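What follows is a single structure, written as structure tokens, with notes after it.
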Amino acid sequence: MASEKLTIREVTFSELDLLRKLSIDTFLDTYGSENTEENMGLYLSTYFSEKSLAQQFKNKTTFFYFAERGKSVIGYLKLNFGDTQTENKVQNALEIERIYVLKDFQGQKIGIHLLQHSFNLAKQLTLKSIWLGVWSKNTKAILFYEKNGFIAFDSHPFMLGNDLQEDVMMKLDL
Numbered sequence: 001m002a003s004e005k006l007t008i009r010e011v012t013f014s015e016l017d018l019l020r021k022l023s024i025d026t027f028l029d030t031y032g033s034e035n036t037e038e039n040m041g042l043y044l045s046t047y048f049s050e051k052s053l054a055q056q057f058k059n060k061t062t063f064f065y066f067a068e069r070g071k072s073v074i075g076y077l078k079l080n081f082g083d084t085q086t087e088n089k090v091q092n093a094l095e096i097e098r099i100y101v102l103k104d105f106q107g108q109k110i111g112i113h114l115l116q117h118s119f120n121l122a123k124q125l126t127l128k129s130i131w132l133g134v135w136s137k138n139t140k141a142i143l144f145y146e147k148n149g150f151i152a153f154d155s156h157p158f159m160l161g162n163d164l165q166e167d168v169m170m171k172l173d174l
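Heads up: the sequence shown begins at 1 in UniProt numbering, then just goes up one per residue.
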């Protein structure tokens, strides 16, 4: 229900199964129709396996957050800084590696709240900017980030299974 308060909180290790399910569901919803089942399966089994998520979770410079409305988890955020960033092109920065909201809750400003949480954490860590990579074909997401102050500054390759794709790299100086 949209009138219930939105809460953003850190994911606990005991919630990895829920994080895994949410990660898979939102990734499939976002990219499943644009990619082959084989490539999606390869990517999901590599990056969203229990073992992979547990390893990511244990890293001290990686943070996972849930967005909750009432008792329902409706989105999540994965942030990296320092050595865990997937690229080192932006110094003194926070990377938004993943920001996903369940399809039924999109358009309700949950993504903006997750972005704001990222901004607050970056400022708390005295970082100078926030950056992310977004699939070049995901125009909806690119427009969302541009609307929220991000600008494209580079691109990098992204392997989805066996498919080499291109991500637009975007950043926002704080």
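Idealized CB from N, CA, C, for every residue including glycine. Everything numeric in this text was worked out from a predicted model, so none of it was measured.
Here the segment 155 to 170 does not lie against the segment 47 to 55, with fewer than 3 beta-carbon pairs under 8 Å apart. K147 and E10 have their alpha carbons spaced roughly 26 Å apart.
D17: member of the alpha helix (DSSP H) spanning L16 to Y31, first to last residue. Per DSSP, reduced to three states, the secondary structure at G161 is coil, with no helix or strand assignment.
With 16 or more neighbouring CB atoms inside 10 Å of its own CB, E95 falls in the buried class. DSSP places G75 within a strand segment (E or B) once states are collapsed to three. In this structure, the CA atom of K5 is about 6 Å from the CA atom of R69. Only residues of its own chain outside the window of five on either side were considered, and among them L16 have a CB closer than 7 Å to the CB of A54, listed in chain order. Annotation for F119: the continuous alpha helix (DSSP H) segment containing it runs I110 to Q124.
CA-to-CA, the gap between N138 and E166 works out to about 11 Å.
Distance from F150 to K171 at the Cβ level is roughly 6 Å; contact confirmed, criterion being Cβ atoms closer than 8 Å. Inter-residue distance for T7 and G75 is about 10 Å (C-alpha atoms, whole angstroms).
Contact between L174 and F119 holds, since their C-beta atoms are separated by about 7 Å, short of 8 Å. Taking the Cα positions, Q106 is about 31 Å away from D83. With a contact defined as Cβ atoms closer than 8 Å, L77 and L114 qualify at about 5 Å. For a cut-off of 8 Å, the C-beta gap from S129 to A93 is around 5 Å, short enough to register as a contact. F66 and D29 have their C-alpha atoms roughly 18 Å apart.
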